[in-house]
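Asks: At position 58 of the sequence shown (counting the first as 1) the number is 58 in the UniProt record's numbering, and the numbers step up by one without a gap.
Cβ coordinates follow ideal geometry from the N, Cα and C atoms, glycine included.
There's a structure below that I have some questions on.
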Amino acid sequence: MAAALEHQHIAVDTTLPNTGTLREDLMDLLSRFTPVISAMPATTWQALMSDLLATSVANLNLKTLQLVVSDENWITQQLPDILKHALNRGEIQQDANPTQKSLPAVMLIRQLIFTGTLTPAQVTDIVDNILLPVYCRPAH
């Protein structure tokens, strides 16, 4: 898969989003994957995700999945700085916990499993209806 994407010269911008609003930072972060995901048919992504979710005798696929949704993945590594900027701008009242910080990566995986796509409308739905309500909740 990586070789096919590399052959097509598709790269993801890895600079930290800092647009001035939390919403646009999250939109920017997730939208960076749209060209990569669009490079292969939806059914291919769904098959790849199905293979990833299947457990092997040595549980190698399970370990791979755990890595993808852990703090080790690039998306989740961006969240502390994105949320810190939002906190400094007064957009959010508190930092997110590790589970909440993993939500963008988990939602991306969900899209690949169920639809094999990541359209601008899907990114907007994830950001507006899932991520922002979680990150912008009132402090307890």
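What span of residues does the alpha helix (DSSP H) with residue 107 cover, start to end?
Replies: By one-based count along the sequence shown, residue 107 stands at place 107. Run containing residue 107: 103 to 114, per the alpha helix (DSSP H) assignment.
Asks: Skipping 5 residues on each side, what residues in its chain have a beta carbon closer than 7 angstroms to that of residue 94?
Replies: The residue you call residue 94 lines up with position 94 of the sequence shown. The answer, listed in chain order, is 139.
Asks: Is residue 30 helix, strand or coil when you go by DSSP?
Replies: One-based indexing of the sequence shown puts residue 30 at position 30. It is helical.
Asks: Quick check: residue 26 and residue 118, are their CB atoms within less than 7 angstroms of each other?
Replies: Along the sequence shown, read from residue 1 onward, the residue named residue 26 stands at position 26. Along the sequence shown, read from residue 1 onward, the residue named residue 118 stands at position 118. Not in contact: residue 26 and residue 118 (Cβ atoms no closer than 7 angstroms).
Asks: Looking at the secondary structure, which residues open and close the alpha helix (DSSP H) in which residue 49 lies?
Replies: Position 49 of the sequence shown, counted from the start, is the residue given in the question as residue 49. Counting along the chain, the alpha helix (DSSP H) containing residue 49 begins and ends at 42 to 53.
Asks: Leaving out five residues before and five after residue 22 in sequence, what residues of the same chain have Cβ atoms less than 8 angstroms from its Cβ?
Replies: The sequence position of residue 22 within the sequence shown is 22, counting from 1. Excluding residues within five positions, the ones whose Cβ falls inside 8 angstroms are 82, 83, 85, 86, 89, 91, 92, 132, 135, 136.
Asks: With a cut-off of 8 angstroms on the beta carbons, I'd call residue 34 and residue 120 a contact; round off their distance for me.
Replies: Taking the first residue of the sequence shown as 1, we reach residue 34 at position 34. Taking the first residue of the sequence shown as 1, we reach residue 120 at position 120. Right, the Cβ-Cβ distance comes to about 7 angstroms (below 8 angstroms), so this counts as a contact.
Asks: Assuming the contact rule is C-beta atoms closer than 8 angstroms, residue 75 and residue 104 should be a hit. Round their C-beta distance to whole Å, please.
Replies: On the sequence shown, position 75 is the one that residue 75 refers to. On the sequence shown, position 104 is the one that residue 104 refers to. Indeed they touch by this definition, with Cβ atoms about 5 angstroms apart.
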